[in-house]
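Since the structure comes first, as structure tokens, the remarks are kept for the end.
Protein chains in written order, with our numbering: chain A, 130 to 420; chain B, -10 to 125.
The following block contains the structure:
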């Protein structure tokens, strides 16, 4: 049986853990709101962009002159997996579920005889995949210095990916991130960005015939790289919101567990205290009787 | 006849303006153009420049650094990579943009693709012209 002092120390340490997790939960809640706001603010751009691209891609996509980014390189032997995770841990299953999805996909591609390359964004994903896919890593992008995610961060990542594409390093690129649904639900998602596919989410003005200035091909060639950056940017923002949401619920759980543990330990502490008192009384009484 | 149209200016990070305008002057890649209500549906890419919006409530100006515009009969959406209201533009903003353009020009010169060098040179010239235009 642990003695009273040990129990007391234990209770104190769990109490301070609870304080920390509680604070982390509140910080995550505040950050979540900001992350959600920026995710929402970016939505109009992404939607319009995709609507325009969908129209353009539909009219140019079939022809042989279509840019490589849309048409693909003609083969799909080399796959680049861009795994985007958080820079920090303590956010429940957020990082590991993205890593798991990437791992499953990589395994699947390898069984089909494809070559897989992995580009990681965010430290945690890199750590999680190092053991299984470490030899496939081609690069890593560190965002730990970034205080507030901006479009320029997405542009940097896109630039890296595009220069690899231009260099013929891969044929197909897929990004892995977590889609934010609500605080308790985040869906790990894989999205192919090269060759690009666009969903027309608006779809109402597709009947309008547009004049293009300069030519359709020129616009498409200009916009496709931006499409990659836009896709990466929305993925980053979704990821940001998901991370904070996951952390918030994980820390909420942790706080509750700590509370339960404190209750349990307190009961145990009181019982042992009583037992000690009873023991002492028995000793005194039996001592007195012996006289 | 409608004499205003819906005008939206959005950047990846946020939506900057959404109002009804009577005319919008755009720095199109092939030359400036002005869009008014019932303009023929057009999609054009933009070069860095000044975008002028004329609305019944008064006109406003934005500095945009590329992107594209989609013109419908009844509306106009500008998707700019970066857009700043002209009143908020300072010399240092512009210096940053010029420095960026210059850096990409230098980088392009190191390569051997002439079209990229030309594009970068054009971008640099556009940026510098922008500074002169705004007399900063």
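Glycine included, C-beta positions come from ideal geometry on N, C-alpha and C.
Using a C-beta to C-beta distance shorter than 8 Å, which residues of chain A count as neighbours of residue i?
{"i": "residue 59 of chain B", "result": "177, 181, 339"}
{"i": "residue 68 of chain B", "result": "174, 177, 178, 181"}
Starting from the Cα of residue i, find the closest Cα among the options and give me that residue.
{"i": "residue 171 of chain B", "options": "B:39, B:80, B:46", "result": "Nothing about residue 171 of chain B can be read from this structure; chain B reaches only from -10 to 125."}
{"i": "residue 63 of chain B", "options": "B:16, B:113, B:14, B:24", "result": "B:24"}
{"i": "residue 216 of chain A", "options": "A:289, A:257, A:142, A:183", "result": "A:257"}
{"i": "residue 197 of chain A", "options": "A:297, A:168, A:361", "result": "A:297"}
{"i": "residue 60 of chain B", "options": "A:145, A:378, A:347, A:338", "result": "A:338"}
{"i": "residue 179 of chain A", "options": "A:353, A:292, A:227, A:302", "result": "A:353"}
{"i": "residue 250 of chain A", "options": "A:304, A:385, A:238", "result": "A:304"}
{"i": "residue 136 of chain A", "options": "A:420, A:401, A:409", "result": "A:401"}
{"i": "residue 267 of chain A", "options": "A:259, A:273, A:274", "result": "A:259"}
{"i": "residue 93 of chain B", "options": "B:76, B:114, B:73, B:81", "result": "B:114"}
{"i": "residue 19 of chain B", "options": "A:173, A:347, A:379, A:411", "result": "A:347"}
{"i": "residue 318 of chain A", "options": "A:372, A:325, A:307", "result": "A:307"}
{"i": "residue 174 of chain A", "options": "B:11, B:3, B:15, B:8", "result": "B:3"}
{"i": "residue 254 of chain A", "options": "A:416, A:245, A:228, A:167", "result": "A:228"}
{"i": "residue 210 of chain A", "options": "A:219, A:187, A:238, A:222", "result": "A:238"}
{"i": "residue 134 of chain A", "options": "A:181, A:398, A:403", "result": "A:398"}
{"i": "residue 243 of chain A", "options": "A:356, A:391, A:389, A:206", "result": "A:206"}
{"i": "residue 158 of chain A", "options": "A:226, A:294, A:312, A:282", "result": "A:312"}
In this structure, how does DSSP classify residue i when only helix, strand and coil are distinguished?
{"i": "residue 166 of chain B", "result": "Residue coverage of chain B in this structure runs from -10 to 125, which leaves residue 166 of chain B outside it and unanswerable."}
{"i": "residue 133 of chain A", "result": "helix"}
{"i": "residue 221 of chain A", "result": "coil"}
{"i": "residue 296 of chain A", "result": "coil"}
{"i": "residue 334 of chain A", "result": "Because the pLDDT of residue 334 of chain A is 48, which lies under 50, any placement of that residue in the model is unreliable, and the number read from its coordinates should be weighed accordingly. Three-state result, residue 334 of chain A: coil."}
{"i": "residue 325 of chain A", "result": "coil"}
{"i": "residue 152 of chain A", "result": "helix"}
{"i": "residue 416 of chain A", "result": "helix"}
So is residue i buried or exposed if we call it buried at 16+ other beta carbons inside 10 Å?
{"i": "residue 368 of chain A", "result": "buried"}
{"i": "residue 414 of chain A", "result": "exposed"}
{"i": "residue 132 of chain A", "result": "exposed"}
{"i": "residue 224 of chain A", "result": "buried"}
{"i": "residue 34 of chain B", "result": "buried"}
{"i": "residue 332 of chain A", "result": "The predicted position of residue 332 of chain A is uncertain, since its pLDDT is 48 and thus under 50; a value taken from the coordinates is nonetheless stated next. With fewer than 16 other Cβ atoms within 10 Å, it is exposed."}
{"i": "residue 155 of chain A", "result": "exposed"}
{"i": "residue 385 of chain A", "result": "exposed"}
{"i": "residue 286 of chain A", "result": "buried"}
{"i": "residue 36 of chain B", "result": "buried"}
{"i": "residue 300 of chain A", "result": "buried"}
{"i": "residue 171 of chain A", "result": "buried"}
{"i": "residue 405 of chain A", "result": "exposed"}
{"i": "residue 321 of chain A", "result": "exposed"}
List, in chain order, every chain B residue whose beta-carbon is nearer than 7 Å to that of residue i.
{"i": "residue 306 of chain A", "result": "Those within 7 Å of residue 306 of chain A in chain B number zero; the least Cβ separation is about 16 Å."}
{"i": "residue 352 of chain A", "result": "57"}
Listing by chain order, which chain A residues have their CB less than 9 Å from the CB of residue i?
{"i": "residue 32 of chain B", "result": "181, 184, 185, 339, 340, 341, 342, 345, 348"}
Against residue i, what residues of chain A qualify as contacts under a CB-to-CB distance less than 7 Å, listed in chain order?
{"i": "residue 29 of chain B", "result": "340"}
Against chain C, with Cβ distances strictly below 8 Å, would residue i count as a contact?
{"i": "residue 359 of chain A", "result": "Of the protein chains in this structure, namely A and B, none is chain C."}
Hey, is residue i close to the ligand ADP, as in C-beta under 7 Å from one of its heavy atoms?
{"i": "residue 306 of chain A", "result": "As far as ligands go, the structure on display features none, and thus does not contain the ligand ADP."}
Which chain B residues are close to residue i, counting only those with a beta carbon under 8 Å from its beta carbon?
{"i": "residue 171 of chain A", "result": "1, 2, 3"}
**Request:** Mind checking the stretch -5 to 18 of chain B against chain A and listing, in chain order, the residues whose C-beta falls within less than 7 Å of any C-beta there?
**Result:** Correct list: -1, 0, 1, 2, 3, 4, 17, 18.
**Against chain B: residues of the stretch 285 to 313 of chain A by CB proximity under 9 Å** = Residues are counted here when their Cβ sits less than 9 Å from a Cβ of chain B; for the stretch 285 to 313 of chain A the count is zero.
**Asked** Using a Cβ cut-off of 8 Å, which residues of the stretch 156 to 167 of chain A contact any Cβ in chain B, in chain order?
**Response** Here the close residues are 167.
**Request:** Please list the residues of the stretch 274 to 285 of chain A that have a C-beta atom closer than 7 Å to any C-beta atom in chain B, keeping them in chain order.
**Result:** Within the stretch 274 to 285 of chain A, contact with chain B at the beta-carbon level (separation under 7 Å) is assigned to 279, 280.
**Asked** Quick one, which residues of the stretch 362 to 376 of chain A are near chain B if we go by CB-CB under 7 Å, in chain order?
**Response** Within the stretch 362 to 376 of chain A, the qualifying residues are 362.
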